[in-house]
Amino acid sequence: MDLGTIFDYTLIYSTIRASTPILFATLAAVITQQGDILNIGVEGIMLVSAFSAVLISYLTSNWLLGIAVAMIVGVIMAMIMAVASIKYNADITAIGMAINMLALAVTKFGIKQFLGTTGSFTDPKIAGIPRLHFGFLEKYKYLNGIFNNWSLMEVIGILMVLALTFVLYHTVWGLRLRSVGRLPMAAETAGINVKSIKYQIMAISGLLGGLAGAHLSIGYSKMFIENMTNGRGFMGVAAMFFGGANPVLAWIGSLLFGLIDSIGGRLQAYGWPSQFVLMLPYIITILVLSVSLWRSAKRREKMKSSLLQK
Amino acid sequence: GCSSQSSQPADSSKEETSGDNAAGSKKLRVALVYSGFLGDKSFNDSAHAGAMRAVNDFGIELKELESKEPAEWESNVVAMASEGYDLVVCVSTQFQDILAKHAPEFPDIKFALIDGVTKGDNIVSTTFAQNEGSFLAGAAAAMFTTKTQVPNVNADKVIGWVGGMDIPVLHDFFVGYEQGAKYIDPDIKILQSFAGTFNDPLKGKELTLAQYSQGADIVMNVASGTGMGVLEAAKEADKYAIGVDMNQDDVYPGHILTSMVKRVDNATYLVIESVVKGTYKGNTTEYLDINKGGVSLTDMSVMKEALGDKFPQDIPEKIAELEEKVKSGEIKVNAYEGFGRK
Amino acid sequence: MDEYIIEMIDITKSFGDVKAIQNGQFNLRKGEIHSLIGENGAGKSTMMKILYGIHQKDSGIIKIRGEEVRELTPRVAIQYGIGMVHQEFMLVGDLTVLENIILGFEPRKGIVIDFDAAEKEIKKYINTYGMDIQPNKKINQISVGEAQRVEIIKTLYRGAEIIIFDEPTSVLTPQETVKFFEILNNMKADGKSIIFISHKLNEVMEISDRITVMRQGKYVNTVNKSDTNKNELAKMMIGREIFLNIEKKESNPGKKILEVNDLWTSGEKELSKIRGISFDVKAGEIVGIAGVDGNGQSELVEALTGLRKVERGKITVDNVNVTNLSPLQIREAGVAHIAEDRNTRGLNLKMNVAENLVALKYDKEPLAQGIVQNRKSIESFAKQLISTFDIRPNNPWALAGSLSGGNAQKVVIAREIDADAKLLIAAQPTRGVDIGATEYIRSKINKVKEEGKAVLLISADLEEVLSLSDRIIVMYEGKIMGILNAEEANEENVGILMMGGETEVSL
Amino acid sequence: MEQTNKYLNLLLTILLSTIIGGLIMLFLGHNPIEAYIQLLRGAFVGKLNFGTTLQKFVPLLLTSVAFLVASRVGVFNVGVDGELYLGAIAAAWVGFTFTSVPGPILILMCLAIAVIVGAAWAYIPGSLKAYLGVNEICVTILMNYVATYITSYLVNGPLSAKTGVPQTPTIAEGAQLTKILKPSQANTGLFIALAIVAIIYWILQNTTIGYRFKSVGLNPMHAEYVGINPKKTIINSMLLSGAVGGLAGAIEVLGVYGYFLDGFSSGVGFDGMLVVLMVKGDMKMVPFVAFFIAALKAGALGMERYTGLPKSIVDTIIAIFIIFATMENLFSFYKKKRIKTVQASVSERD
Ligand SMILES: Nc1ncnc2c1ncn2[C@@H]1O[C@H](COP(=O)(O)OP(=O)(O)OP(=O)(O)O)[C@@H](O)[C@H]1O
Ligand SMILES: Nc1ncnc2c1ncn2[C@@H]1O[C@H](COP(=O)(O)OP(=O)(O)OP(=O)(O)O)[C@@H](O)[C@H]1O
Ligand SMILES: [Mg+2]
Ligand SMILES: [Mg+2]
């Protein structure tokens, strides 16, 4: 086995590329988790948005419009969840799973109804989200390989991580959101409208889920295939847990997925049984989650220890 | 035990004939049962195309049932048989056991199995020598990867292969592909990946890009929906791919060297035709190998047009030569366990 | 009367079938301290939560500065200059003191929070009222007293002119209470109007200008402090005269049942880690542990009952080493435990009374044969305890969560006393229970002692500790400040020890 | 009073989703009445159709109960699918390996191994949850992927029938459960499932095990305090949950397929979870709702066959139904009225 062709510089960009579809889902889960809502419906939001993005981009040949509509559709889906869970007290997990199911069904007959085909749809008329190409980088092999030709969405993804961090920890709204997620009574008594904030984060989650979907269908690829999210929303939720709902840590979680995925793809080529390579990201995530919790439990215990005091 | 259902075929046929103004004679009723969904631009779509040709040519009545769930495959087959369809075509190897189990329960119904073999007086099986077609694809890929005059082709002797689910029939493809490549150049390195699913184009794309980054210039897909991602990766990375099942050459012209066509459409058309013409004979197996035109490579004309004079003309020439050798038996292509001539 | 800045007239409020308030009346003059008193569940908190907009009244009129306000939410209340320091602090543990204070009223530079401006503003209050806090610490890391100061600054920061304190002193030491009253008087001098909720009559008599009494959701009366006295107030609160001091028989301690030797544990907070304490409890005596909440009492109880890991040291029960055994093993060694928090530990509110009562014996004969539960025996067992301990309603299938605080506590007491253990650990046995039930529970605990069992009583209520115990251990910051015999202990010297001070009588 | 409201709610929910589904069909240019008739026919009329309903009911019932068992201790076992797969392949392995064992014993062996494997698999998320506090929803979702890949590896490698289809060899004739309602695939697994469910209900309701589950599920702090070990209880319930999940897989193999087929069951575990969430933990309702969903799914097949309406419409209706069913006070108009009248009478008295 030639390790050089597995761990070379192209792995850096391929990690970014493979992690971005998960990253948006991760952030969609992070923002709601900050308000104590486990948004397991990201998967479905993504799927419907991916479909809308392709549909609009195909009909108008305008990728911006595609993204915009994907985001609107994402918000609509999220609002269904929000109304059901906030106004009508529905179990958020149940609603999330129902939304996922709804998304699968709706897109299935959506393809047939609006695109006149089944299963999958691709067409040259679909306008894709552009890539950022810098001519001056071409001279340098490594810089070119790592930084050139990023998809616009990959850049936006990272900007989103920074933006979310900023919003959560430096703005008024972020402070209020964090208090809502941790002790809603405190927020309520500070005159903060807890429900309104919960609706807001669900809406933002819908926007991010919409971006996630749009990236999937007109950014990362230019097609729509039934169930093309294929668990990426769930992976996003896992990455969110990994990062304890902190945007930067959760981003690292999704990068980890991307990295393992990329390495896995390369390892397979050397004859590893495909199934074992394919299950690696899942196993490693479980391991990392367990180890990090085990360690933090230990650390907390140590910190709490009375023997170390005085 | 299907007597209790006798009323059903009657009334549904009534509905359908009422909408049918054609000649008084009853239309032949054909059902196609898939083990997945249409729209894969490969295996299933190909069968669908064949069936549609039969609809055009013979005016048959066609019912298609798609499903991904094995439990539903079985009940779909049984339901179609109970409904009294004249011919039930099962489009996938996966129906082998289901047919073996249920065909005897419906002795008056004709069954056909595409891409698999099941014995039975009312079953016609068709299989393909995908290994032979893949042999040619492998040879073409092996030659192509060193043609540095073609843009973005490096001198490295590395080619790729991306499969959908890791199931036996895909290995039959791979065995041929590998043998073909090694036939051209024993030193060639072949990267093999499975996406683990037939409908995750993103995964297919990622795997393909990984293979490109490991030096492959051309990657064959045998991956149904996942394969869409393989082809897209070729276009995006400005590299090359090989299509499968149907002629995928013009999906991204100039990036798909050729396609290994499996004439599922022909197989479907032929079995319907045999029933129309009354030549259907149960308990037979049609082995559609390269000799019978069951598998073949496309003529690379799309690629030729795209590359112009950079197109390596020696490839189609060599492939034509190899094709003859395979046909004549001079080259014997290996098959994966459970496949090949029986 | 237009001099009132708050008028609440004919307020009613129900929670489902519970009529929390039926005829609520309350008013407040500018610049006065007006106490609201009543037994547990009298509706004090509910009245004030309605005023602060947390609960919506079912009917009635609320006027603020003479103006009728129909739609009250916390935000509206804050705009009217009302602030509330809640019975349970409304502080977000993960956030800093500063963040908690400015929450909802953040000074900003553009969309960014201006933390510097906030800190400057807060310094003003710290200086004016002499309230010491550390703005950049997380709430998790500060003491209860400090948390209360944070709550007060929070209301001041929001511009409150009318401040409601819901049982503010229940978590404070006598000395801290003195300091707290100073702050209250400062605020009054500053022109703030204050509502003070309590059921401690001493405090009420000390601080108030006027006093309103509620009983069982109904308004009883409003009196000037100068026109009343403690006895009259007590009668109004309870509707009868009551004497809490139970007769304490001369104790007759037997052999040591519980021995604790150099015990160390971790703690929820820095101050509540147990750091090397030793003591014992003998058969036939009640040892009381006094101390301000959060000085390690909870941790001690948890360590003794197997709910918290012991890091060093040894615990024996009747000469059996139970250090770090499981709660079940410790119970089997002869320990019963009245948990300090009936809602989370002591009871399973979502199970019925019978299920709660059998929790210690559900898998023993005759309540179960093998793994099969015997519904009939469970019912008769529960009914018997219900009648012995006078639990109301006497329906074994009622949900524990539907019981009033006092009756819920009786379920816990019944179960633990029925366990008939050598050692009863009673943590805050009467917390949040009304006077009638308190009297009953204390007499039951005393009876356990008289039966020759060992009792360890932990209570934040100094009066309770003093009136029941034979010996009193005072804890401060996870250590024992002193162990006093009942005769030599009084509110003053125990109070000083509770503050970490020195006193001559300490042994 | 409360009870009737709940059932009334469910009926109203069904009605509402049916109407919405009908509107969607109208919008898509189909006749909803016709479609619903075909749906009912597809679910109930004729041996094939009714049999298909029963065949779908069995695994759904078992996965619902598997999820229910874990949910009693407050654990969200989304991993029933994984347990089902591993149980299924283990049962298949025993079934085709020990062919000389007499039928009934072989069946028991198959069920036993599936139970063990399913339980062992569920032990992982259970113990991670109990001892490390790792979120079980996250872990079980991830473990489902792992389980699918493991079975996929086995069925394409060591346990492959080598026929070109990714499946194991067929299990011994004697181990196959008898089909009822031929030509449908309904089988005597139905009775095994019903018996198992009855036993589990009995355990949950009448035994000390059930008491412990309930106690831990409703308040683990209290349970710990009275001497029940919440960690062990969580793990035990996950073991039981996994066992039932594994059993569901075994019954599918022994009853429906006769072998393990790669990817044979998509998402029954999820469906089971949804059933439980819909009834909000009311155990008695689980079988009925599971049957209802199974009938809808089977009916959808029929509807697609007879009308050409895509099955996805029924999936849409089911999803809408779930969304409404999980809402709490959706149909509270009559409740509100009640409270208002109570208040009115109160103020009258005062
Ligand atoms: N959030 C709630 N939802 C439903 N019922 C509640 C709630 N909070 C309290 N109750 C009801 O209040 C009654 C007594 O509870 P509560 O805790 O107020 O007791 P208390 O001793 O009167 O007050 P406290 O413990 O606050 O001093 C019970 O009947 C309980 O069901
Ligand atoms: N959220 C709630 N849901 C249901 N019942 C409640 C709720 N809050 C209070 N109650 C009930 O309303 C009544 C009044 O409770 P409230 O908390 O106002 O009493 P309180 O006078 O403050 O008592 P305490 O001295 O214990 O704080 C109690 O019987 C309580 O059970
Ligand atoms: Mg090359
Ligand atoms: Mg109160």
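Residue numbers (the numbering used here), protein chains in the order written: chain W, 1 to 310; chain B, 1001 to 1342; chain R, 2001 to 2507; chain X, 3001 to 3350.
Built from N, CA and C at the ideal position, the CB exists for glycine as well.
Residue i by DSSP, collapsed to three states: which one?
i          : result
Phe-2279/R : strand
Lys-2422/R : coil
Gln-1130/B : helix
Glu-1330/B : coil
Met-1052/B : helix
Gly-2482/R : strand
Asn-3187/X : strand
Leu-2307/R : coil
Trp-1073/B : helix
Gly-1204/B : helix
Val-167/W  : helix
Ala-70/W   : helix
Tyr-270/W  : coil
Phe-3057/X : helix
Can you find the residues in the same chain that come closer than 8 Å, C-beta to C-beta, to residue i, ignoring five residues on each side of it along the sequence?
i          : result
Ile-67/W   : Ala-53, Ile-129, Gly-210, Leu-211, Ala-214 and Ile-218
Gly-1024/B : With a pLDDT of 46 at Gly-1024/B, under the threshold of 50, the modelled position of this residue cannot be trusted; read the value that follows with caution. No residues qualify anywhere along the chain.
Gly-3047/X : Residue identity differs from the one stated: residue 3047/X is Lys in this sequence, not Gly. So the list reads Leu-3181, Lys-3182, Pro-3183 and Ser-3184, once near-sequence residues are dropped.
Please return the same chain residues whose Cβ sits closer than 7 Å to the Cβ of residue i, not counting the five positions on each side in sequence.
i          : result
Gly-2500/R : Tyr-2476, Glu-2477 and Met-2481
Gln-268/W  : Ser-274 and Val-277
Ala-3250/X : Gly-3087, Ala-3088, Ala-3091, Cys-3110, Leu-3111 and Ala-3114
Which same chain residues, not among the five before or five after residue i, have their C-beta less than 6 Å away from its C-beta?
i          : result
Asn-1021/B : In this predicted model, Asn-1021/B has a pLDDT of only 41, less than 50, meaning its place in the structure is not dependable enough to derive any value.
Phe-134/W  : Asn-148
Ser-51/W   : In the sequence on display, residue 51/W carries Phe and not Ser. Within the same chain, Phe-51/W has close Cβ partners Thr-107, Gly-110 and Phe-224.
Could you name the residues of chain C that residue i contacts, counting a contact when the two beta carbons are closer than 7 Å?
i         : result
Ser-179/W : Among the chains of the structure shown, chain C does not appear; the protein chains present are W, B, R and X.
What beta strand (DSSP E) runs, 3 residues minimum, are completely inside the region 2335-2383 of chain R? 2335-2338
In the region 2007-2089 of chain R, which residue ranges form an unbroken alpha helix (DSSP H) of at least 4 residues, counting only runs that do not cross its ends? DSSP runs (the alpha helix (DSSP H)) wholly in the region 2007-2089 of chain R: 2044-2051 and 2074-2079.
Given 8 Å, three or more beta-carbon pairs between the region 3176-3186 of chain X and the region 1182-1201 of chain B: Between the region 3176-3186 of chain X and the region 1182-1201 of chain B, the count of Cβ pairs shorter than 8 Å is below three; the stretches do not touch.
To be precise: take each residue of the region 3213-3231 of chain X, compare its Cβ to all Cβ atoms of chain R, and keep it if any distance is under 8 Å. Which residues remain? Interface annotation for the region 3213-3231 of chain X against chain R: Lys-3214, Ser-3215, Leu-3218, Asn-3219, Met-3221, His-3222, Ala-3223, Glu-3224, Tyr-3225, Val-3226, Gly-3227, Ile-3228 and Asn-3229, criterion Cβ-Cβ distance under 8 Å.
Could you run through the region 185-219 of chain W and flag, in chain order, every residue whose CB is less than 8 Å away from some CB of chain R? Met-185, Ala-186, Ala-187, Glu-188, Thr-189, Ala-190, Gly-191, Ile-192 and Asn-193
Specify whether the region 95-111 of chain W and the region 3311-3325 of chain X touch according to this definition: at least 3 beta carbon pairs, one from each stretch, less than 8 Å apart. yes
Touch check for the region 3118-3128 of chain X and the region 3234-3254 of chain X: three-plus C-beta pairs under 8 Å? yes
Positions along the region 3259-3289 of chain X whose CB lies within less than 8 Å of some CB in chain W: Listed in sequence order: Phe-3270, Met-3273, Leu-3274, Leu-3277, Met-3278 and Lys-3280.
Any residues in the region 152-164 of chain W with a beta carbon nearer than 7 Å to a beta carbon of chain B? Which ones, in chain order? none
Curious, which full-length beta strand (DSSP E) runs of at least 3 residues does the region 1072-1117 of chain B contain? 1087-1091 and 1110-1114
What are the start and end residues of each continuous alpha helix (DSSP H) run of 4 or more residues lying completely inside the region 2443-2468 of chain R, in chain order? You should have 2462-2468.
Are the region 3189-3201 of chain X and the region 2356-2372 of chain R touching, with three or more C-beta to C-beta distances below 8 Å? no
Would you say the region 2-12 of chain W touches the region 169-183 of chain W, given that touching needs at least three Cβ pairs under 8 Å? no
By the 9 Å beta-carbon criterion, what residues does the region 3173-3204 of chain X contribute toward chain B? Leu-3181, Lys-3182, Pro-3183, Ser-3184 and Gln-3185
Quick check for students: name the residue ranges of the beta strand (DSSP E) that lie wholly in the region 2198-2242 of chain R, counting only runs of 3 or more. 2210-2215 and 2218-2224
With 9 Å as the limit, tell me which residues of the region 3049-3078 of chain X have their beta carbon closer than that to any beta carbon of chain B; keep them in chain order. Asn-3049, Gly-3051, Thr-3052, Gln-3055, Lys-3056 and Pro-3059
Starting from the N-terminal side, write out each stretch of the alpha helix (DSSP H) that is 4 residues or longer and does not extend beyond the region 2113-2172 of chain R. 2115-2129 and 2144-2157
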